[in-house]
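Numbering (my numbering), first residue to last: 18 to 206. Even for Gly, the Cβ is constructed at its ideal location relative to N, Cα and C.
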């Protein structure tokens, strides 16, 4: 990871897996509330698809079925995908896979997300039902994270209450979406 960042000219790299103290509830609350913005403001987001050989395709990767990776996909302006041998996905050269039409088309098929959102995503309440559908087939290790991982997608800042259950976390998320958007169609996603 750091080697690839260095090859692109960066002296610093940040990894959410390594750099967030998950044992500190205060740090975790801050990180969950800030993560979308961190990805949005990153100069480059590097995605390592550990389960995809260089000749493989996006659709087979577990990365596209994990809850937290939805914002990692949508928030950054610049993203590069690397396969299990740390080579650029399908050897697509360039400095940003979000401007590569072939990669965007593959991402569309892997995620069901329209290319306009893959290329330029704005957080908020617009088309909230679709945003929930994008997340509906994704999984998280901690049950409540299925809701918490969407806070940035909807530009919401809600308390993180681990132990409340996925149902309660999703209920709070939906109540807030309806409260801010007036869109009750989110109840049918």
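Here DSSP, grouped into helix, strand and coil, assigns residue 110 to coil. The shortest C-alpha to C-alpha distance from residue 90 to any of 119, 63, 102 is the one to 63.
CA-CA distance, residue 46 to residue 92, rounds to 19 angstroms. In this structure, residue 50 sits away from residue 166, with a CB-CB distance that is not shorter than 7 angstroms.
Between the region 137-157 and the region 168-179, the count of C-beta pairs closer than 8 angstroms reaches three or more; the two stretches touch.
According to DSSP, residue 99 shares a beta bridge with 65, 105. For residue 159, there is no enclosing alpha helix (DSSP H), since its DSSP letter is neither H nor E. According to the DSSP assignment, residue 57 belongs to the alpha helix (DSSP H) that extends over 42-58. Taking a contact to require three or more Cβ pairs closer than 8 angstroms, the region 66-86 and the region 123-134 qualify as touching.
Here residue 154 is actually not in contact with residue 206; their C-beta atoms are around 11 angstroms apart, not less than 8 angstroms. Within its own chain, the residues whose Cβ lies closer than 8 angstroms to the Cβ of residue 39, once the five positions on either side in sequence are excluded, are 45, listed in chain order. Separation of residue 96 and residue 201 (C-alpha to C-alpha, rounded to the nearest whole angstrom) is 34 angstroms. Runs of the alpha helix (DSSP H) lying entirely within the region 123-185 and spanning at least 4 residues, in chain order: 132-136, 145-153, 162-165. One alpha carbon belongs to residue 48, the other to residue 123, and they sit about 30 angstroms apart.
With 16 or more other Cβ atoms inside 10 Å of its own Cβ, residue 162 counts as buried. 7 angstroms or more divides the Cβ of residue 164 from the Cβ of residue 198. Residue 88 places its beta carbon less than 7 angstroms from that of residue 53. Counting every other CB atom within 10 Å of its CB across the protein chains shown gives residue 25 a total below 16, marking it as exposed.
Take residue 37, set aside five residues on each side of it, and the residues of its chain with a beta-carbon closer than 6 angstroms to its own are 48, in chain order.
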